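>
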Amino acid sequence: MKPMHRYALCGLSLRGIYQYALPLLGLNRAGGPNFDRHAELVGIVDPDNERVAEFYRQIGREIPCYAPQALRRMVRDTQAQTLIVAGPDGTHARQIVTGLDAGCEVITEKPMVIDCQQVRQVQAAEIRNGRKVRVAHNYRYAPLHRRIKRLIQSGRLGKIVSVEFTYNLDTWHGSSYFYRWNSDRNRSGGLSISKGCHHFDLINWWLGDMPAEVFAFGGLNYFGKDGALRPRDAQGQPLSPTEEKRRCPVFRRHYRGKFDPAGNTIGTGWDTRFNLPYDRQYPPEQRRYIYDDAIAIEDSYSAVVRYLSGTTMSYACNFCTPWEGYILGLNGTKARLEVVHRTDPDPTGKTNPAEDGGTITLYPLFGGKQVIKVNAAAGGHGGADFAIQHDLFGRQSAESRKLQLIADSEAGAQAVAVGEAVWRSVKTGRPINLARLLGRKA
Ligand SMILES: NC(=O)c1ccc[n+]([C@@H]2O[C@H](COP(=O)([O-])OP(=O)(O)OC[C@H]3O[C@@H](n4cnc5c(N)ncnc54)[C@H](O)[C@@H]3O)[C@@H](O)[C@H]2O)c1
Numbered sequence: 007m008k009p010m011h012r013y014a015l016c017g018l019s020l021r022g023i024y025q026y027a028l029p030l031l032g033l034n035r036a037g038g039p040n041f042d043r044h045a046e047l048v049g050i051v052d053p054d055n056e057r058v059a060e061f062y063r064q065i066g067r068e069i070p071c072y073a074p075q076a077l078r079r080m081v082r083d084t085q086a087q088t089l090i091v092a093g094p095d096g097t098h099a100r101q102i103v104t105g106l107d108a109g110c111e112v113i114t115e116k117p118m119v120i121d122c123q124q125v126r127q128v129q130a131a132e133i134r135n136g137r138k139v140r141v142a143h144n145y146r147y148a149p150l151h152r153r154i155k156r157l158i159q160s161g162r163l164g165k166i167v168s169v170e171f172t173y174n175l176d177t178w179h180g181s182s183y184f185y186r187w188n189s190d191r192n193r194s195g196g197l198s199i200s201k202g203c204h205h206f207d208l209i210n211w212w213l214g215d216m217p218a219e220v221f222a223f224g225g226l227n228y229f230g231k232d233g234a235l236r237p238r239d240a241q242g243q244p245l246s247p248t249e250e251k252r253r254c255p256v257f258r259r260h261y262r263g264k265f266d267p268a269g270n271t272i273g274t275g276w277d278t279r280f281n282l283p284y285d286r287q288y289p290p291e292q293r294r295y296i297y298d299d300a301i302a303i304e305d306s307y308s309a310v311v312r313y314l315s316g317t318t319m320s321y322a323c324n325f326c327t328p329w330e331g332y333i334l335g336l337n338g339t340k341a342r343l344e345v346v347h348r349t350d351p352d353p354t355g356k357t358n359p360a361e362d363g364g365t366i367t368l369y370p371l372f373g374g375k376q377v378i379k380v381n382a383a384a385g386g387h388g389g390a391d392f393a394i395q396h397d398l399f400g401r402q403s404a405e406s407r408k409l410q411l412i413a414d415s416e417a418g419a420q421a422v423a424v425g426e427a428v429w430r431s432v433k434t435g436r437p438i439n440l441a442r443l444l445g446r447k448a
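If you count the sequence shown from 1, you need to add 6 to reach the working numbering.
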């Protein structure tokens with residue numbers, strides 16, 4: 007019998023649990039694949055002992071758990087072969103490098119790292135150890151996105167000359183980043199990296215091209231201490247934290263009746279199965295809300311990107327809109343492809359009705375349009391999450407090889423580089439050359 011492959015998980019995060027721990031433990035549900043017949047989870051790294059203990063209590067078993075600074079020892083003790091990195095984005099670089107140096111292959115959540123300096127550290131560690139990093143860019147795996155890639159590969163669009171991509175997050179999802187660790191640039195790189203990396207990787211992969219230069223505008227408009235949504239008193243002064251939440255349109259719409267406005271607990275409701283505590287990451291006595299003084303990232307961006315081949319992209323992302331999803335236009339020398347895709351990330355399913363799999367409209371330059379309906383698939387992120395689990399833990403499918411679905415560290419690097427260039431361009435008012443940002447020859 008084939009020996010079991012030994013995985014260890016860094017970060018018992020929401021993502022770490024549902025996307026990695028459960029399928030490895032044979033506890034995936036809702037039609038998701040399980041891999042416990044040929045894989046095992048041998049170690050966990052997380053600083054929150056209470057959270058980990060509650061997880062063990064609920065799954066009815068214990069897995070050796072280590073503090074982040076003991077990662078190397080964990081690999082030695084458990085003989086882990088592959089390290090899965092799924093803690094907050096800002097912890098990835100150090101753990102990827104430590105894992106590679108300790109002799110592991112590495113799978114990391116997106117974004118691979120939070121800046122281009124960290125990209126260099128990761129790629130140097132890959133070369134030094136002769137080992138590879140795979141980046142879980144799951145967004146590529148959604149059936150709609152695979153279909154678009156196949157259409158591009160078929161040549162029906164011709165050469166893609168320009169891309170129009172607008173991604174909007176709804177008031178529930180977009181605002182949630184502003185009371186979580188993502189609102190701290192030191193821990194997430196800012197939202198042009200933490201969230202934007204999904205979009206930039208998708209476009210880079212569709213085009214099969216390298217982004218070369220970025221210019222962007224952006225700002226913090228809705229959230230933060232001067233956010234437009236922040237309720238104030240008659241003199242324009244901030245209210246008490248409790249009163250602020252009571253009158254806050256986000257709280258009233260999404261959290262009233264579920265969370266106490268006088269407390270600090272507020273949650274996305276994603277962890278429906280375990281409802282684990284987060285007290286180490288979010289101490290209950292510490293205020294955190296979407297108008298906190300410390301928030302210094304952006305909540306809206308407009309950017310243009312030039313690719314090496316000459317293709318250009320106009321990109322916009324806004325974290326506070328009435329519905330979630332994207333509007334895409336790909337202008338080719340033979341046809342234009344359009345998608346308007348609505349999604350509903352709210353687990354209560356109440357925010358906006360989501361569309362099924364998606365609809366692609368293909369307009370040849372000369373000739374009638376073709377409408378292509380894509381079937382929905384089970385699993386999170388439009389079916390992407392179960393599909394990528396097969397690629398990461400099972401055998402890579404023929405379709406995956408043909409579409410080059412597995413993202414390597416270079417794909418991870420390009421997505422991070424665009425995201426970093428976006429916020430740096432916003433700050434400096436200048437275009438940013440990506441090769442230079444990555445420390446390569448421009
Ligand atoms: N691909 C996707 O669609 C997708 C979706 C959500 C999140 N993510 C990514 O998954 C990762 C986790 O995000 P999340 O929102 O699920 O996290 P989370 O906030 O739910 O959990 C973070 C966990 O990491 C732990 N932690 C903190 N510091 C750590 C360290 N130094 N080492 C190890 N663990 C540490 C915390 O105690 C906590 O258990 C992030 O990189 C995020 O960008 C990806």
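Glycine included, C-beta positions come from ideal geometry on N, C-alpha and C. Just so you know, these numbers come straight off a predicted model, no measurement behind them.
Please identify the residue among Lys-447, Ala-421, Ile-438 and Gly-425 whose C-alpha is closest to the C-alpha of Leu-208.
With distances taken between Cα atoms, Leu-208 lies closest to Ala-421.
> For His-387, collect the residues of the same chain with a Cβ closer than 7 Å to its Cβ; drop the 5 residues on either side in sequence, then sort them by chain order.
These residues qualify, in order along the chain: Asn-144, Tyr-145 and Ala-148.
> When the distance is taken between beta carbons, is Arg-12 closer than 8 Å to Gln-87?
For Gln-87 and Arg-12, yes; Cβs fall inside 8 Å.
> Can you look up Leu-336 in the DSSP assignment and give me helix, strand or coil?
Strand, per DSSP.
> By the three-class DSSP mapping on this structure, what secondary structure does Val-428 have?
Reduced to three states, the DSSP call for Val-428 is helix.
> So, for Ser-406: in the same chain, excluding its five sequence neighbours on each side, which residues have a beta-carbon less than 7 Å away from its beta-carbon?
These residues qualify, in order along the chain: Asp-397 and Ile-412.
> State the DSSP-derived secondary structure class of Ala-142, mapped to helix, strand or coil.
In this structure, Ala-142 counts as strand in the three-state DSSP scheme.
> Identify every run of the beta strand (DSSP E) within the region 265-305, keeping only runs that are complete inside it and at least 3 residues long; order them along the chain.
Within the region 265-305, no complete beta strand (DSSP E) run reaches 3 residues.
> Could I get the ranges of all uninterrupted beta strand (DSSP E) runs contained in the region 102-133, with 3 residues as the minimum, in chain order?
Fully enclosed beta strand (DSSP E) runs of 3 or longer: 111-115.
> Once the 5 residues before and after Pro-437 are set aside, which same chain residues still bring their CB inside 8 Å of it?
For Pro-437, where only same-chain residues beyond five positions count, the Cβ hits under 8 Å are Glu-219, Val-220, Phe-221 and Ser-431.
> Going by DSSP, which residues form a beta bridge with Gln-241?
Answer is none; Gln-241 lacks a bridge partner.
> Go ahead and label Met-319 buried or exposed: buried means 16 or more other beta carbons lie within 10 angstroms of its beta carbon, across all protein chains shown.
It counts as buried.
> Would you check if the distance between the CB atom of Ile-69 and the CB atom of Val-48 is smaller than 8 Å?
Yes, the Cβ-Cβ distance between Ile-69 and Val-48 is below 8 Å.
> Could you check how far apart the C-beta atoms of Thr-104 and Val-139 are, in whole angstroms? I think they sit under 8 Å.
With 8 Å as the limit, Thr-104 and Val-139 do not qualify as a contact, their Cβ atoms being about 12 Å apart.
> Are the CB atoms of Gly-164 and Lys-340 within a distance shorter than 8 Å?
For Lys-340 and Gly-164, yes; Cβs fall inside 8 Å.
> How long is the line joining the alpha carbons of Leu-440 and Val-428, rounded to whole angstroms?
Computed Cα separation, rounded: 10 Å.
> Less than 7 Å separating the Cβ of Ser-189 from some heavy atom of ligand 1?
It does not: the Cβ of Ser-189 is nowhere closer than 7 Å to a heavy atom of ligand 1.
> Tell me whether the beta-carbon of Val-125 lies closer than 8 Å to the beta-carbon of Ala-419.
A contact, by the Cβ cut-off of 8 Å.
> Find the nearest neighbour of Leu-20 within the set Pro-255, Gly-273 and Thr-365, judged by alpha-carbon distance.
Checked all of Pro-255, Gly-273 and Thr-365; the closest Cα to Leu-20 is Gly-273.
> Sort Pro-117, Ile-120, Asp-121 and Gln-129 by Cα distance to Asp-107 and report the nearest one.
With distances taken between Cα atoms, Asp-107 lies closest to Gln-129.
> Do you know whose CA, among Gln-101, Arg-57 and Ala-59, lies nearest Ala-76's CA?
It is Gln-101.
> Return yes when the C-beta of Pro-9 is under 7 Å from any heavy atom of ligand 1, and no when it is not.
Checking the Cβ of Pro-9 against ligand 1 gives no.
> Assuming the contact rule is C-beta atoms closer than 8 Å, Gly-400 and Phe-41 should be a hit. Round their C-beta distance to whole Å, please.
Confirmed, about 7 Å.
> Is it buried or exposed for Phe-392, if we count other Cβ within 10 angstroms and need 16 for buried?
Classification of Phe-392: buried, given that the 10 Å Cβ count is 16 or more.
> Suppose you measure from the CA of Val-112 to the CA of Leu-89; what does that come to, to the nearest Å?
Taking the straight line joining both Cα atoms gives about 5 Å.
> Should Thr-97 be listed as close to ligand 1, given that the test is whether its C-beta is under 7 Å from any heavy atom?
It does: the Cβ of Thr-97 is within 7 Å (strictly closer) of some heavy atom of ligand 1.
> Whole-angstrom Cβ separation of Val-345 and Thr-327, contact assumed at under 8 Å?
Between Thr-327 and Val-345 the Cβ distance is about 17 Å, and since that is not below 8 Å, they are no contact.
> From this set, Ile-154, Ile-120 and Leu-343, which residue's C-alpha is nearest Leu-371's C-alpha?
Closest by alpha carbon: Leu-343.
> Given this structure, state the Cα-to-Cα distance separating Gly-202 from Ala-382, to the nearest angstrom.
So the alpha carbons of these two residues sit roughly 24 Å apart.
> By alpha-carbon positions, which one of Asp-95, Lys-379, Val-310 and Leu-282 ends up nearest to Gly-196?
Closest by alpha carbon: Asp-95.
> Which class does Thr-97 belong to by DSSP, given the choice of helix, strand or coil?
Note: Thr-97 maps to helix in three-state DSSP.
> Quick test of your reading: Leu-28 and Asp-52, contact by CB under 8 Å. State the CB separation rounded to the nearest angstrom.
Actually they do not touch by this definition, with Cβ atoms about 16 Å apart.
> Looking only at DSSP bridge pairs, what is Glu-219 linked to?
In the DSSP output, where bridge partners are listed per residue, Glu-219 has Arg-312 and Asn-439.
> Here's the rule I'm using: 16 or more other beta-carbon atoms within 10 Å means buried, otherwise exposed. How should Arg-152 be labelled?
Answer is buried; the Cβ neighbour count reaches 16.
> With hydrogens ignored, establish whether the beta-carbon of Val-1 is closer than 7 Å to any heavy atom of ligand 1.
With the chain covering only 7 through 448, there is no way to say anything about residue 1.
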